[in-house]
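Trainee: With the working numbering, the residue at position 22 of the sequence shown is 207, and numbering never jumps.
Attaching a single structure in structure tokens format; questions to follow.
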Amino acid sequence: MSSFTRSSRETAPMDVTLNRTVLLDELQLIQGVVERRTTIPILSNILLSAEGDRLHLSATDLDVTVYTQCSAVVRREGRTTVQGKVFFDLVRSLPTDTLDLSFEESRVEVRSGTFSSQLASLDPADFPTLPEAPEGQGFAVDLPTLRRLIDRSVFAVSSEEGHFQYNAALLLVSAKALEMVATDGHRLAWAKAAHTAGTPPFEQQLLPRKVLNQLRHLSANADTPLYIARGENHLAFRLGDRVLLSRVLEARFPQYERVLVRDNPHRARVQRQDLMAALRRVALLASERTHGVQMQFDHDSIALASVGFDLGQAAEMVPCTFSAPPLKVFVNASYILDFLGAVDAAEVEFQLRDADGPVV
């Protein structure tokens, strides 16, 4: 880590040969952190550092930082920066499996087969001083398990700027379980999985949407654990040579426990795929503003009907089992579809209390 966590104070020439596919995997990971629209141009760049037999790559938006590396034939050590999106698109389009990368006089030259190009570079001395990962290995988490929790909750994280308590998911960790909770103020998603890696160094932590998306796209062998460590200001995720750092958020997550209280006595069970297909069709004629759909629960069916007449009307019946008096609720079809698309169970259960209460 120490060899590539701080930016250079001088520009150095660099000359390396790389495998295109290997480099592309690391650039793909970094794309989620590189800033596309920013008033600080250097944040759109990746810091490249060639040392020994490795090319180290770093990117940051000042809140989230990623470090990674790949093997390289290094003829001259050095470092530079290159615009992240342009470099990624270029490497992805190269005609051969190897590429030569060199830097001199403010230009990064990329050569592959008969192709050659020169890319503009910014002085690596202007790259932000990057944070160090917290000391210690941290505690191990099964990556597929964490990814599954993220997949089942990230859709409820708000994408609206300025609502800090809604722009992140809450990770809860105990000696026996991992939980993740997300809400945008209109809906709430909660997922839980067994965890047996011992007592963690913290009980809960907010994870911004960008960090969640980065963790979803990490790939690794089944026997490679993800290590999580917390420092004073940053949370670190380490997977082999890849390190993801997130600034510790101070926002307070909304009180969600009362929403999870299971006091909805009426239960309906329905085939997930059947409901998802029918709901998609009916939602096509729902209001574009509210995506409203009426769900009428009867003992053997759910009657779906679009709400709003601007585009027309649609209705469909879906078989179900429901052992309560008929009950009608109005829902945002997009919210239900997000949930149905995030789970893989053949059958799902609706828990209801009355027409005005929350739908679980």
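Ideal Cβ placement from N, Cα and C applies to all residues, glycine included.
Hey, how far is the Cα of A305 from the Cα of T253?
Mentor: Taking the straight line from one Cα to the other gives about 22 angstroms.
Trainee: Anyone know if the C-beta pair for R205 and V251 falls short of 8 angstroms?
Mentor: It is not a contact, given that the beta carbons lie outside the stated cut-off.
Trainee: Between the alpha carbons of L464 and E473, how many angstroms are there, rounded?
Mentor: Using only the alpha carbons, I get a separation of about 15 angstroms.
Trainee: Which stretch, first to last residue, makes up the beta strand (DSSP E) that contains E532?
Mentor: Counting along the chain, the beta strand (DSSP E) containing E532 begins and ends at 532-537.
Trainee: R423 to I413, Cα distance in whole Å?
Mentor: The alpha-carbon atoms of R423 and I413 are separated by roughly 6 angstroms.
Trainee: Please report the distance separating the alpha-carbon of A509 from that of F515.
Mentor: Going from the Cα of A509 to the Cα of F515 covers about 18 angstroms.
Trainee: Going by the CB atoms, is the gap between C505 and D523 shorter than 8 angstroms?
Mentor: Result no, Cβ atoms of D523 and C505 do not sit closer than 8 angstroms.
Trainee: Distance cutoff 8 angstroms, beta carbons only. Does M480 sit that close to anything in chain D?
Mentor: In the displayed structure, chain D is absent; only one protein chain is listed.
Trainee: Taking just the CA atoms, how far does V478 sit from P543?
Mentor: P543 and V478: Cα-Cα distance of roughly 15 angstroms.
Trainee: Check each candidate in I521, L512, D459 and name the one with the smallest Cα separation from A531.
Mentor: Among I521, L512, D459, the Cα nearest to that of A531 belongs to D459.
Trainee: Going by DSSP in three states, P504 sits in which element: helix, strand or coil?
Mentor: The answer is strand: DSSP assigns P504 an E or B state.
Trainee: Can you find the residues in the same chain that come closer than 7 angstroms, C-beta to C-beta, to R191, ignoring five residues on each side of it along the sequence?
Mentor: Only weak support exists for where R191 lies, its pLDDT of 40 falling under 50; the coordinates are left without a value.
Trainee: Rounded to a whole number of angstroms, what is the C-alpha to C-alpha distance between P198 and T266?
Mentor: Spanning the two alpha carbons is a distance of roughly 12 angstroms.
Trainee: Which runs of the alpha helix (DSSP H) spanning at least 4 residues fall entirely within the segment 224-299, listed in chain order?
Mentor: You should have 269-278.
Trainee: Going by other Cβ atoms of all chains shown within 10 Å of its Cβ, with 16 needed for buried, is I215 buried or exposed?
Mentor: That one is buried.
Trainee: What's the gap between the Cα of M480 and the Cα of V492?
Mentor: So the two alpha carbons sit approximately 10 angstroms from each other.
Trainee: Taking the beta strand (DSSP E) that S431 belongs to, which residues open and close that run?
Mentor: Start and end: 427-432.
Trainee: From the DSSP secondary-structure annotation, give me the bridge partner or partners of T202.
Mentor: The partner list for T202 (beta bridge, DSSP) reads V258, D285.
Trainee: Excluding the five sequence neighbours on either side, which residues of its own chain have a C-beta within less than 7 angstroms of the C-beta of R261, listed in chain order?
Mentor: Here the set comprises P198, M199, D200.
Trainee: Can you find the residues in the same chain that come closer than 7 angstroms, C-beta to C-beta, to H159, ignoring five residues on each side of it along the sequence?
Mentor: Outside the displayed span of the chain (186 to 545) sits residue 159, for which this structure offers no information.
Trainee: Judging by CA-CA distance, which residue of Q389, A488, Y520 is the nearest neighbour of K513?
Mentor: Ranking Q389, A488, Y520 by Cα distance to K513 puts A488 first.
Trainee: When the Cα of L232 is compared with those of R457, F312, F387, which residue comes out closest?
Mentor: Residue F312 is the option with its Cα nearest to L232.
Trainee: State the Cα-Cα distance for the pair F482 and N517, rounded to the nearest angstrom.
Mentor: Cα-Cα distance, rounded: 16 angstroms.
Trainee: Which first and last residues belong to the beta strand (DSSP E) in which S491 is found?
Mentor: Residues 486-491.
Trainee: Using the Cα positions of T409 and D426, report the straight-line distance between them to the nearest angstrom.
Mentor: Those two C-alpha atoms are separated by around 11 angstroms.
Trainee: In angstroms, rounded to a whole number, what distance separates the CA positions of R222 and R401?
Mentor: Rounded to whole angstroms, R222 to R401 spans 23 angstroms at the Cα level.
Trainee: Please state the DSSP three-state secondary structure of A468.
Mentor: In the structure shown, A468 sits in a helix (DSSP, three-state: H, G or I).
Trainee: Can you list, in chain order, the residues of its chain with a C-beta nearer than 8 angstroms to that of L470? Leave out the 5 residues immediately preceding and following it.
Mentor: Once the five neighbours on either side are set aside, the close Cβ partners of L470 are S491, G493, L496, G497, Q498, A499.
Trainee: Going by beta-carbon coordinates alone, are V257 and D274 separated by less than 8 angstroms?
Mentor: According to the sequence shown, residue 257 is Ala rather than Val. Result no, Cβ atoms of A257 and D274 do not sit closer than 8 angstroms.
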